[in-house]
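Enquirer: In the numbering used here, the protein residues as written are 127 to 407.
C-beta: ideal position from N, C-alpha, C; glycine also.
Note that the coordinates shown come from a computational prediction; the quantities given were computed from them, not determined experimentally.
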Ligand SMILES: Nc1ncnc2c1ncn2[C@@H]1O[C@H](COP(=O)(O)OP(=O)(O)OP(=O)(O)O)[C@@H](O)[C@H]1O
Ligand SMILES: [Mg+2]
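(1) When the Cα atoms are used, what is the spatial distance from residue 403 to residue 388?
(2) Check whether the Cβ atoms of residue 142 and residue 133 lie closer than 8 angstroms to each other.
(3) Is the closest heavy atom of ligand 1 to the C-beta of residue 168 under 7 angstroms?
(4) Mind pulling the beta strand (DSSP E) runs of 3 or more residues that sit fully within the segment 165–234?
(5) On a Cα-Cα basis, can you pick out the residue from 165, 316 and 382 that is closest to residue 369?
(6) Can you tell me the Cα-Cα spacing of residue 395 and residue 380, whole angstroms?
(7) Taking a contact to mean a Cβ-Cβ separation below 8 angstroms, would you say residue 348 touches residue 319 in this structure?
(8) Would you check if the distance between the CB atom of residue 243 and the CB atom of residue 233 is smaller than 8 angstroms?
(9) With which residues is residue 134 paired in a DSSP beta bridge?
(10) Is residue 325 near ligand 1, going by C-beta to nearest heavy atom under 7 angstroms?
(11) State the DSSP-derived secondary structure class of residue 243, mapped to helix, strand or coil.
(12) Using a Cβ distance threshold of 8 angstroms, determine whether the segment 194–201 contacts the segment 338–355, with at least three qualifying pairs required.
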């Protein structure tokens, strides 16, 4: 399914019961194998949008399609065979008593043999570096460990599409790096399709193919990281900022720019310096 549109959102309006509209006029498409990052101020509706895409809300104006079928026409089983949501708050996701039981829940529900379930749980816990915690009670885990168990639960099911709500919140820098490398590896090897909400703009240029900005209940902008991150004043209006590497290079890039994009990653920064200041190369 790489390259074909897997998720299409044409949302006219969504409100929670007894509230004013939270989201309006949002159109976006995500192709197989693509990584879309959703950015925006706290409370703008990122979590709500991910839950809508996952088919958790039925009452909205407009349409949301998974592989060409309106999500409200699909049964939960048909959705979770293809797509899984990592909740922002792990407490919303975890419910079993031990780590093993929690991660095993999804594969068991997909009717795998108990042997296959054990293999999948073992592999998924190893990927998130939680192999030693299989028998640990969920209540004994730290926040970051709970996030990793939630992710293992999704990985054990082998979804083709992952919706990730602030997945790196509460992880230490090394775990964060390993986690993002894991996502990029899965994307490359298994053509995983990823939609991720985050506040961590520094990470975005390393992972995203496309970035969507939510602002004032709607989608203000969508584009590649370089199309999104080049104007600090505009970003401030959306309660965002340039990634740190972009901030570092912004003034000198504006002065010397030959039309090449603002460096946003360490590698892009090094290439820019080598091009502009030959003695350093
Ligand atoms: N169950 C609910 N009932 C009513 N209003 C809700 C509910 N959940 C969220 N909201 C409101 O919807 C709006 C969007 O919330 P949402 O959690 O989607 O924002 P967010 O962009 O994910 O924020 P954050 O960055 O803090 O996670 C907020 O104004 C919030 O108060
Ligand atoms: Mg949120």
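Expert: In short, the structure shows the following:
(1) 16 angstroms
(2) It is not a contact, given that the beta carbons lie outside the stated cut-off.
(3) yes
(4) 187–192 and 209–212
(5) 165
(6) Taking C-alpha positions only, residue 395 is separated from residue 380 by approximately 14 angstroms.
(7) no
(8) yes
(9) DSSP, once it has assigned bridges, lists 155 and 191 as partnering residue 134.
(10) yes
(11) helix
(12) no
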